[in-house]
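Residue numbers (the working numbering): 233 to 462. Note sheet for the following structure.
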């Protein structure tokens, strides 16, 4: 029997997580419900058509209470407070927390109060100590203990790029000090035209400018490779 998954936040990360589960892990995992405040029709459209990955290769139909993907029904909810989600009634065991709002593990714990067994936050936890474990696959996933770790962070995209490389170098040669830079795609927190933003640099048109910004990836390394704390 497959493990039942719920997705909170059907945005960029939530949709790609859904596709990965549906296409690669269909026999092991099954998304049975998703929660998002957006229009169901819009979410279905964005699921089918992706500017980076192209067209989704599965049938998607909108129904009154959700979507049907390749004949399987996914219940859609629109609840602001995770504690009010019917995860228990829907048999959801693991929640993918992809809203970007509930990054504090203490707030993400509302999913467990609602009946889920595990929560995976698709971002760095803030504060980092509020989750049971921050995990980067291939770096420290061997530390995961299902009996103790219930609220997890999957770290940031940059940390997922940096940590595997740093681990290989550190295990082979030992890193004493280092400096990293990252080139990142523009994000939802930037303007596509020159428009007001509290960060003057982010106020500039994202596709036309190289915009310096900060990253916490180097500091976050200590969470997955403790030897590199400092």
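C-beta: ideal position from N, C-alpha, C; glycine also.
Whole angstroms are fine: how far does the CA of residue j sit from the CA of residue i?
i	j	result
residue 460	residue 406	10 angstroms
residue 286	residue 408	43 angstroms
residue 417	residue 438	9 angstroms
residue 333	residue 380	24 angstroms
residue 274	residue 400	42 angstroms
residue 237	residue 395	27 angstroms
residue 358	residue 336	5 angstroms
residue 309	residue 298	8 angstroms
residue 317	residue 311	7 angstroms
residue 345	residue 319	9 angstroms
residue 362	residue 304	35 angstroms
residue 340	residue 266	15 angstroms
residue 419	residue 374	31 angstroms
residue 451	residue 360	11 angstroms
residue 243	residue 276	11 angstroms
residue 259	residue 294	23 angstroms
Taking 6 angstroms as the limit between beta carbons, can you name the residues of its chain near residue i, skipping five residues before and five after?
i	result
residue 343	314, 327 and 351
residue 245	330 and 354
Tell me which residue opens and which closes the beta strand (DSSP E) that residue i is part of.
i	result
residue 292	292-295
residue 385	383-385
residue 350	350-353
residue 236	235-240
residue 439	Note, residue 439: premise wrong, no beta strand (DSSP E); not H, not E.
residue 261	261-267
residue 328	326-329
Compute the beta-carbon to beta-carbon distance between residue i and residue j, rounded to the nearest angstrom, for a pair I have assumed lies under 8 angstroms.
i	j	result
residue 384	residue 411	Not confirmed; about 29 angstroms, so no contact.
residue 402	residue 457	7 angstroms
residue 329	residue 354	7 angstroms
residue 250	residue 263	5 angstroms
residue 261	residue 234	6 angstroms
residue 398	residue 356	No, residue 398 and residue 356 are not in contact; Cβ-Cβ is about 16 angstroms, not under 8 angstroms.
residue 519	residue 433	Because the chain here runs from 233 to 462, residue 519 falls outside it and cannot be looked at.
residue 391	residue 348	Actually they do not touch by this definition, with Cβ atoms about 25 angstroms apart.
residue 278	residue 247	6 angstroms
From which residue to which residue does the alpha helix (DSSP H) around residue i run?
i	result
residue 308	Taken as a continuous stretch (DSSP letters only), residue 308 belongs to no alpha helix (DSSP H), being part of the beta strand (DSSP E) at 304-309.
residue 408	Segment: none, residue 408 is in no alpha helix (DSSP H) and carries neither H nor E.
residue 322	319-322
residue 298	Premise fails: residue 298 lies in the beta strand (DSSP E), 298-301, not in any alpha helix (DSSP H).
residue 456	449-456
residue 344	342-345
residue 425	Residue 425 -> no alpha helix (DSSP H), and no H or E assigned at all.
residue 380	Counting along the chain, residue 380 falls outside any alpha helix (DSSP H), and DSSP gives it neither H nor E.
residue 255	244-256
residue 277	272-280
Chain C beta carbons: is any one of them nearer than 8 angstroms to that of residue i?
i	result
residue 462	Included in the structure is just one protein chain, with no chain C present.
Keeping to the same chain, check which residues put their C-beta closer than 7 angstroms to that of residue i; ignore five residues upstream and five downstream.
i	result
residue 429	423 and 435
residue 404	none
residue 281	287
residue 370	396
Starting from the C-beta of residue i, find all residues in its chain whose C-beta is less than 8 angstroms away, skip the five residues before and the five after it, and write them out in chain order.
i	result
residue 254	263, 290, 301 and 302
residue 425	437
residue 321	347
residue 307	264, 265, 266, 297, 298 and 322
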